[in-house]
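Start counting the sequence shown at 872; every next residue gets the next number (the numbering used here).
Virtual Cβ for every residue (Gly too), placed ideally from N, Cα, C.
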Amino acid sequence: MSLLLPSMLLNRFYVAGLVLNRWSPVLVHVFLYRHDEARKRYASLASDCALDLVSCMGVSRDFGANPWYNDDWAAQAINEFQMILVVSWADLASRVIFSLGLLMTTTNMKELLYSIPRRSMMHGIHFLFFTWGLVVFSLHLQASVQPSLQQCTLQVRPWAVRRPYCFMISLDCHRLQMSGQLDEVDTKWREFDGSTVIMMVIKHCPLVDIPDTFTDFHQLISGKVYNSTIVEWRESAAITNTNHPAFLSLMLVRVNMTDGQLPAGFQSFDTPLNLYDYEFCITNLREVPDDLDLKWLSGSYVILEYSELQTVPSALLRIMPPYFSLSGNPISELPPEIFEIEGLTDLGIGDTNVRQLPQNVTRLSSTLTSIYIERTKFPSDLCQRNTIL
872 MSLLLPSMLL NRFYVAGLVL NRWSPVLVHV FLYRHDEARK RYASLASDCA LDLVSCMGVS
932 RDFGANPWYN DDWAAQAINE FQMILVVSWA DLASRVIFSL GLLMTTTNMK ELLYSIPRRS
992 MMHGIHFLFF TWGLVVFSLH LQASVQPSLQ QCTLQVRPWA VRRPYCFMIS LDCHRLQMSG
1052 QLDEVDTKWR EFDGSTVIMM VIKHCPLVDI PDTFTDFHQL ISGKVYNSTI VEWRESAAIT
1112 NTNHPAFLSL MLVRVNMTDG QLPAGFQSFD TPLNLYDYEF CITNLREVPD DLDLKWLSGS
1172 YVILEYSELQ TVPSALLRIM PPYFSLSGNP ISELPPEIFE IEGLTDLGIG DTNVRQLPQN
1232 VTRLSSTLTS IYIERTKFPS DLCQRNTIL
């Protein structure tokens, strides 16, 4: 719980249940019904059964529309799903213990009908249970006094760790009163354990310079930059499969890049094997490297909207994206190859300067189903004049 849930209330509730589960036999046998064997055993079994039921939880039936674009929801879901679903053999064993405990408790109710001899070992067992509960309580107290970090949107407090755990970090330069320079970002990111970060958001930063500390984010699955200027994202801090094997999605919204070019950190030849989603919107991107198809994975979703591309880069065509959008760019001409990408299902060319579709398409893609041409200046009889449509 303390490792996966950022809610202090739920953590305290569960720890209280766990401590009571260890202390209840001591309270019942030593203090409440010391001389009444029947009530002692009944109270012990009943309390054990009730506390085992506390480990059960309800599951929501629905998550709403497009929840994965909500950063807070997505980060919490990724962690809390691990509490609902079995993710390892050790996790399975720990869940079985609670179920077996509940089953054994209800089964042992029949023991109330029989007398049992006094056991000298019971005092030792009660002492062990009391000590176990005390250790759990002490570890929880130690974890609860960990400092709360401003840059940690979702912070958890596991037991016996040196630095705070942050599942989601939000580098909000406006709130943190910083500009995003190298030393500032590096100092902030060293305050927590980078290996625990799964989602990263950078926003409102006029001078973003990503430090090499970024390579410690080994569990990172998503990176978003909003309303910022990326001054430097060097190759030594690149998004790579070696350092970020779980990385899935890169999103930039209202972002400027130095000289309108992709930062070196987005161009590693060691691209994460699961990174198939690139979404850029309202940027100053003017060109992409000619060898980008050797760096980004084939079949990636490529959305470069409302940027400054004047031509369709051939490297993007060779990536063969299933979803390809260049809407909002000042592009005036489309190459015929863009309609020949096998596997392409959706093409966005709306709000561009394109006035006509190419006539020399030799092999129209068999998978292309949708072309978005809203806010373009195509002639009204386009469908009659063009064989593509």
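Compute the beta-carbon to beta-carbon distance between residue i and residue j, rounded to the nearest angstrom, for a pair I have assumed lies under 8 Å.
i: Leu1078; j: Ser1050; result: 4 Å
i: Leu1175; j: Tyr1147; result: In fact, because the Cβ distance is near 15 Å, the residues do not count as touching under 8 Å.
i: Cys1037; j: Leu1025; result: 7 Å
i: Leu1133; j: Val1096; result: In fact, because the Cβ distance is near 13 Å, the residues do not count as touching under 8 Å.
i: Gln1227; j: Phe1249; result: 7 Å
i: Pro1035; j: Cys1023; result: 6 Å
i: Gln1081; j: Glu1062; result: Reading the sequence as shown, one finds Ile at residue 1081 and not Gln. With a Cβ gap of about 16 Å, Ile1081 and Glu1062 do not count as contacting.
i: Asn1098; j: Leu1119; result: So it is not a contact: roughly 22 Å between Cβ atoms.
i: Asn1264; j: Thr1142; result: Since the first residue shown for the chain is 872 and the last is 1260, residue 1264 is missing from the structure and cannot be characterised.
i: Gly1136; j: Arg1157; result: With a Cβ gap of about 18 Å, Gly1136 and Arg1157 do not count as contacting.
Which stretch, first to last residue, makes up the beta strand (DSSP E) that contains residue i?
i: Thr1154; result: Asp1148 to Thr1154
i: Ser1041; result: Tyr1036 to Asp1043
i: Met1122; result: Ser1120 to Met1128
i: Thr1100; result: Ser1093 to Glu1103
i: Thr1024; result: Cys1023 to Val1027
i: Ile1073; result: Met1070 to Lys1074
i: Glu1204; result: That residue, Glu1204, is in no beta strand (DSSP E); it is neither H nor E in DSSP.
i: Leu1020; result: Segment: none, Leu1020 is in no beta strand (DSSP E) and carries neither H nor E.
i: Gly1219; result: Asp1217 to Gly1219
i: Tyr1243; result: Ser1241 to Tyr1243
i: Ile1174; result: Tyr1172 to Glu1176
Under a Cβ-count criterion, where at least 16 other Cβ atoms within 10 Å of its own Cβ denotes burial, should residue i be classed as buried or exposed?
i: Thr1240; result: exposed
i: Pro938; result: exposed
i: Ser1237; result: exposed
i: Ser1196; result: buried
i: Val1002; result: The amino acid at residue 1002 is misidentified as Val; the sequence shows Thr. That one is exposed.
i: Asn1114; result: buried
i: Tyr1149; result: buried
i: Pro1201; result: exposed
i: Gln1138; result: buried
i: Ile1040; result: buried
i: Thr1058; result: exposed
i: Ser915; result: buried
i: Phe1140; result: exposed
Taking the alpha-carbon of residue i as reference, which of the options has the nearest alpha-carbon?
i: Gln1181; options: Glu1208, Glu1204 and Tyr1172; result: Glu1204
i: Asp1130; options: Val1124, Leu1144, Thr1111 and Pro1160; result: Pro1160
i: Glu1208; options: Ile1081, Met1070, Ser1185 and Leu1156; result: Ser1185
i: Ala1109; options: Thr1086, Gly1199, Met1128 and Gln1090; result: Thr1086
i: Val1199; options: Glu1179, Leu1235 and Trp960; result: For the sequence presented, residue 1199 should be read as Gly rather than Val. Measuring from the Cα of Gly1199, the nearest candidate turns out to be Glu1179.
i: Ser1171; options: Leu1188, Asn1155 and Leu1053; result: Leu1188
i: Ile1073; options: Thr1067, Gln1052 and Ala945; result: Gln1052
i: Asn1127; options: Asp1064, Arg1234, Ala1117 and Tyr1177; result: Tyr1177
i: Arg1234; options: Asn1224, Tyr1243, Ile1212 and Gly1136; result: Ile1212
i: Pro1206; options: Ala964, Leu974 and Val1225; result: Val1225
i: Arg1033; options: Gln1021, Asp1054, Leu1005 and Ser1066; result: Ser1066
i: Asp1054; options: His1089, Gln947, Lys1166 and Thr1084; result: Thr1084
i: Tyr940; options: Leu1165, Lys1166, Val1173 and Leu1121; result: Leu1121
i: Gly1004; options: Ala887, Ala961, Leu1020 and Leu963; result: Ala887
i: Cys1076; options: Ala1117, Phe1088 and Arg1125; result: Arg1125
Looking at the secondary structure, which residues open and close the alpha helix (DSSP H) in which residue i lies?
i: Ile1190; result: Ser1185 to Ile1190
i: Leu1053; result: Leu1053 to Trp1060
Is the distance from the Cβ of residue i to the Cβ of residue j below 9 Å?
i: Tyr1194; j: Leu1163; result: no
i: Leu1042; j: Val1027; result: no
i: Arg1246; j: Asp1217; result: no
i: Ile1101; j: Met1070; result: no
i: Val1232; j: Phe1210; result: yes
i: Ile1190; j: Gly1219; result: no
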